[in-house]
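The sequence shown maps to residues 0 to 380 in numbering that gives the first Met the number 0.
A virtual CB, placed ideally from N, CA and C, is assigned to each residue, including glycine.
Quick caveat: nothing in here was measured; it's all calculated off a predicted structure.
Written out below as structure tokens is the structure these notes cover.
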Amino acid sequence: MVTLTQTNFLTKEKLKVHIVQNLEELKLHADSWNQLAFEATQQLPMTSYAWVSSYFEHYVEVDESWFCVFAYHDSDLVGVLPLIVTTQRFFGFNFPLLVTRRSSQSCSLDIVAALGIENIVIPVLIDAARQFHPHHLGMVFNRVPENSPTIAALEGMSDITLIKELDSMMGANLKITGCFDEYRESLSGNLRSTIKRSGKKLYQLEGVKTIFLKGSDATEKHLPQLIEVEAASWKGTTGKIIASSPTDILFYTNLTRRLSEAGWLEWQLIEAEGKTIAINLAIKLKRSTIIWKLAYDESYSKFSPGSILFEQVVKSAYADKVEEINLISDFSWYDNWKMDKRPHYNLKLYSHQPISFLFGLLPAYIFKKLHSFISQVRRAV
């Protein structure tokens, strides 16, 4: 681990870069990479080995490839940049575009770097990726959170052009401050009344239990419970559920196994009448609890199991002294819980090279101006 004293003397010349393109070699960096993500400013599990390796294993298309850039200071891993290589065609030629993909299985995939030296490490990682694909059109980082050190580091690079666009979706998070009783009193009387009334009904059912599985008790073996409850939820009517895709099932099996091996996985659930009726897939990092999946059985909706479970999640967060609960996404019901909203940005980077300028930056700039013009016309009409 790089110490504070060492960072005062660290320069980019002292960093060694290593590029990996296969899963076997990627695993060699697993523990150090996970530790970086665990401590990083962003507090996002999507930046970890556990998540990235699972995503690369199952969702990179046959006409795509991927690579990871690792930066080391002596024997200490200080930065990781994972990218997917896709192509765009111009005048009969294919040019690589380096991206972090946004999907139902991942978002906000970001550069992860050691605390305090991000402005040194991130430009080194970017330069290494550019050199590895010298004829690339550009790089795209999708939905990077406002608190990411990547934004400031890229804004400080003079040899690239950065287009920074506000993402359409905010990220809801609940700051854990004060005490739980004070927080609960700040909620609307209607929500508190609903939880109290529904709770009385719920606990009249047989075998009602609220269970939080952590540490060695939380494994991929509980994934079938999430899959079953999700299929019985309102999401089941949309078809956008894990059960509808064999690839998704494999992905979440490997993801939850790797999160469990890292010691981060949490299952938060309510059981009643011999089965699970509400469940969250959560990840506990150093300062945050991230909830990636929430589901409850629609046939039990009159008991408000989702709200009752979430109240217990908040109570647990106060007891564990985490700094925030991060929901990643943004839905209207989050407002009932007095959540803050974090802006996210889509970042597009272009080198000052002919290919990147002509086929990357110029089309992106024209599209941005055209989109702005169309929006102005629509507002005028």
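On the premise that residue 307 lies in contact with residue 187, defined as a C-beta separation below 8 Å, what is that separation, rounded to the nearest angstrom? Contact doesn't hold; Cβ gap of about 16 Å is too wide.
Tell me the DSSP bridge mates of residue 245? Answer is none; residue 245 lacks a bridge partner.
Simplified DSSP assignment, three categories, for residue 94: strand
Taking contact to mean at least 3 C-beta pairs separated by less than 8 Å, is the segment 106-113 in contact with the segment 35-47? The way I'd put it, the segment 106-113 does touch the segment 35-47; three or more beta-carbon pairs between them come closer than 8 Å.
Can you list, in chain order, the residues of its chain with a C-beta nearer than 8 Å to that of residue 40? Leave out the 5 residues immediately preceding and following it. 114, 117, 146, 147 and 148
Who does residue 65 pair with in a DSSP beta bridge? 83
Counting C-beta neighbours from all protein chains within 10 Å, is the total for residue 80 16 or more, i.e. buried, or is it exposed? buried
Per DSSP, residue 88 is paired with what? 93
Under a three-way DSSP split, which group does residue 275 fall into? strand
For the segment 313-331 and the segment 123-134, state whether three or more C-beta atom pairs, one from each stretch, are separated by less than 8 Å. no
Residue 17 by DSSP, collapsed to three states: which one? strand
Reduced DSSP category for residue 231 - H, G, I as helix; E, B as strand; rest coil: coil
Assuming contact is defined by CB atoms lying nearer than 8 Å, are residue 206 and residue 155 in contact in what I supplied? no
Just to confirm the assignment, what range does the beta strand (DSSP E) spanning residue 194 have? That residue, residue 194, is in no beta strand (DSSP E); its alpha helix (DSSP H) goes 188-201.
Report the residue from 263, 262 and 280 whose alpha carbon sits nearest the alpha carbon of residue 228. 280
Let's test the definition: count the other Cβ atoms within 10 Å of the Cβ of residue 27 and tell me whether it reaches 16, buried, or not, exposed. It counts as exposed.
With DSSP as the reference, please indicate the residues paired to residue 99 in a beta bridge. 140
Of the residues 164, 320, 13 and 162, which one's Cα is nearest the Cα of residue 74? 13
Heavy atom of the ligand MN less than 7 Å from the Cβ of residue 210, yes or no? This structure lacks the ligand MN; in fact it carries no ligand of any kind.
Let me know the secondary structure DSSP gives residue 112 once reduced to three states. strand
Is residue 224 helix, strand or coil when you go by DSSP? helix
Cβ-Cβ distance between residue 358 and residue 140 below 8 Å: no
Residues that DSSP places opposite residue 209 in a beta bridge: Among the bridge pairs identified by DSSP, residue 209 is matched with 269.
Tell me which residues share the same chain as residue 179 and place their Cβ nearer than 6 Å to its Cβ, disregarding the 5 neighbours each side in the sequence. 314 and 317
Would you identify the three-state DSSP class for residue 327, choosing helix, strand or coil? coil
Tell me whether the beta-carbon of residue 285 lies closer than 8 Å to the beta-carbon of residue 171. no
Spell out the partners DSSP gives residue 341 in its beta bridges. 170
By the 10 Å Cβ neighbour count, where 16 or more other Cβ atoms means buried, how is residue 332 classified, buried or exposed? exposed
May I ask you to list the residues that DSSP assigns as paired with residue 346? 140 and 163
What's the call for residue 129, buried or exposed, on a 16-neighbour Cβ count within 10 Å? buried
Tell me whether the beta-carbon of residue 245 lies closer than 8 Å to the beta-carbon of residue 276. no
Residue 121 and residue 350 look like a contact to me (Cβ under 8 Å); what is the Cβ gap, rounded to whole Å? At roughly 15 Å, the Cβ-Cβ gap does not stay under 8 Å, so residue 121 and residue 350 are not in contact.
Step through the CB atoms of chain B and report whether any lies within less than 8 Å of the CB of residue 91. You won't find chain B in this structure, because it holds only one protein chain.
Taking the continuous alpha helix (DSSP H) assigned at residue 307, which residues delimit it? Run containing residue 307: 304-319, per the alpha helix (DSSP H) assignment.
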